Each structure stands twice: as structure tokens, then as C-alpha cells.
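Q: Just so you know, we're using this note's numbering here: the sequence shown kicks off at 3 and counts up by one.
Each residue gets a CB set at the ideal place from its N, CA and C atoms; glycine is no exception.
None of the values given here were measured: they were computed from a predicted structure.
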Amino acid sequence: MFAFPAQVLAPIRQYLLSAKKRLELRRRTIRSEDPFSNPDRVDDNAATDADAAEISGHDRAEALRYEVDRRLITIRKALTKIKIGRYGLCENCGKMIDTDRLAVNPMAELCMDCEKKRKR
Numbered sequence: 003m004f005a006f007p008a009q010v011l012a013p014i015r016q017y018l019l020s021a022k023k024r025l026e027l028r029r030r031t032i033r034s035e036d037p038f039s040n041p042d043r044v045d046d047n048a049a050t051d052a053d054a055a056e057i058s059g060h061d062r063a064e065a066l067r068y069e070v071d072r073r074l075i076t077i078r079k080a081l082t083k084i085k086i087g088r089y090g091l092c093e094n095c096g097k098m099i100d101t102d103r104l105a106v107n108p109m110a111e112l113c114m115d116c117e118k119k120r121k122r
């Protein structure tokens with residue numbers, strides 16, 4: 003089994019750690035902007051348009067939080083793979099993921115062949 007040398011993995015790991023930190027900050031920002039997380043929010047008979055705005059804002063925050071969480075999971079998986087020596091291996095077939103693909107998407111989990119099969 004092939005493993006990338008440590009000097010190749012170091013900048014990838016740093017990039018992933020930096021991206022993880024940015025996403026965790028973004029997640030906290032999204033949470034603070036969610037109208038439902040406001041401790042002063044009272045579930046009362048407020049104006050319908052205010053309720054609609056709160057619900058819309060909450061739905062938007064939930065969608066953003068879901069996307070951020072999904073990306074955080076892929077980053078954590080990539081960091082774990084670096085740690086255990088399996089970074090760059092396709093999760094489906096076990097072959098090496100092309101380095102050009104990893105350069106564009108360091109969190110890639112599948113080689114191009116398996117990715118194409120999955121999208122069919």
C-alpha cells in the first residue's frame with residue numbers, strides 16, 4: 003500500500019486544520035444569527051409576519067448549519083485518514099485517488115472512476 007510522505011501531508015494537514023477552524027467559527031456565527039437561539043425570543047402571539055420572518059431565518063440557519071456540519075465531517079475524515087496512513091485511498095475500491103483530484107479537493111473520498119459510478 004502506498005502512503006504519501008510526511009512532507010507532502012504536512013501542508014495538506016495544515017490546510018485541513020485551517021479549513022476546520024474557519025468552519026467551526028462559521029458554525030458559531032450561524033448559531034448566533036439563528037432567531038430561535040435568541041434567549042429573549044418568546045413564543046407568543048406575535049404578528050404573523052414576524053413569526054414568518056423568524057421561521058424563515060431559522061430555516062436558513064438550519065440549512066447553512068447542515069452544510070457546514072457536512073463539510074466538517076469530511077474534513078475530520080480526511081484528517082483521520084492522514085493520521086492512520088490511509089489518506090488518498092479511494093473508500094470504495096482502495097486504489098489511489100489521483101493527486102490532481104486531491105489538489106483540487108483535499109477531502110476527496112473516491113477516485114474518479116468510483117465517483118462517476120456513484121453519480122449514475
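Taking just the CA atoms, how far does A63 sit from L81?
A: Each residue's alpha carbon lies about 27 Å from the other.
Q: Exposed or buried, which one is A110 when buried takes at least 16 other CB atoms within 10 Å?
A: Buried, because 16 or more other Cβ atoms sit within 10 Å of the Cβ of A110.
Q: Less than 9 Å between the beta carbons of R122 and L112, yes or no?
A: Their beta carbons are not under 9 Å apart, which means R122 does not touch L112 by this criterion.
Q: Whether or not the segment 53-61 and the segment 10-25 are in contact is what I'm after, with contact meaning three or more pairs of Cβ atoms, one per stretch, closer than 8 Å; do they touch?
A: Output reads no: the segment 53-61 does not touch the segment 10-25.
Q: Here's the rule I'm using: 16 or more other beta-carbon atoms within 10 Å means buried, otherwise exposed. How should I32 be labelled?
A: The residue in question, I32, is buried, as its Cβ has 16 or more Cβ neighbours within 10 Å.
Q: Check each candidate in R78, K79 and L104 and name the one with the smallest Cα separation from G90.
A: Closest by alpha carbon: L104.
Q: Where do the ends of the alpha helix (DSSP H) carrying L104 lie?
A: That run of the alpha helix (DSSP H) goes T101 to V106.
Q: Would you please state the rounded distance, in angstroms, between the beta carbons of R29 and R67? I believe it to be under 8 Å.
A: Going by Cβ atoms, the distance from R29 to R67 rounds to 6 Å, so yes, they are a contact pair.
Q: Would I75 pass as a contact of L18 if the rule is Cβ separation under 9 Å?
A: Not a contact, by the Cβ cut-off of 9 Å.
Q: From the DSSP output, read off the bridge partner residues of L91.
A: M98, per the DSSP bridge assignment.
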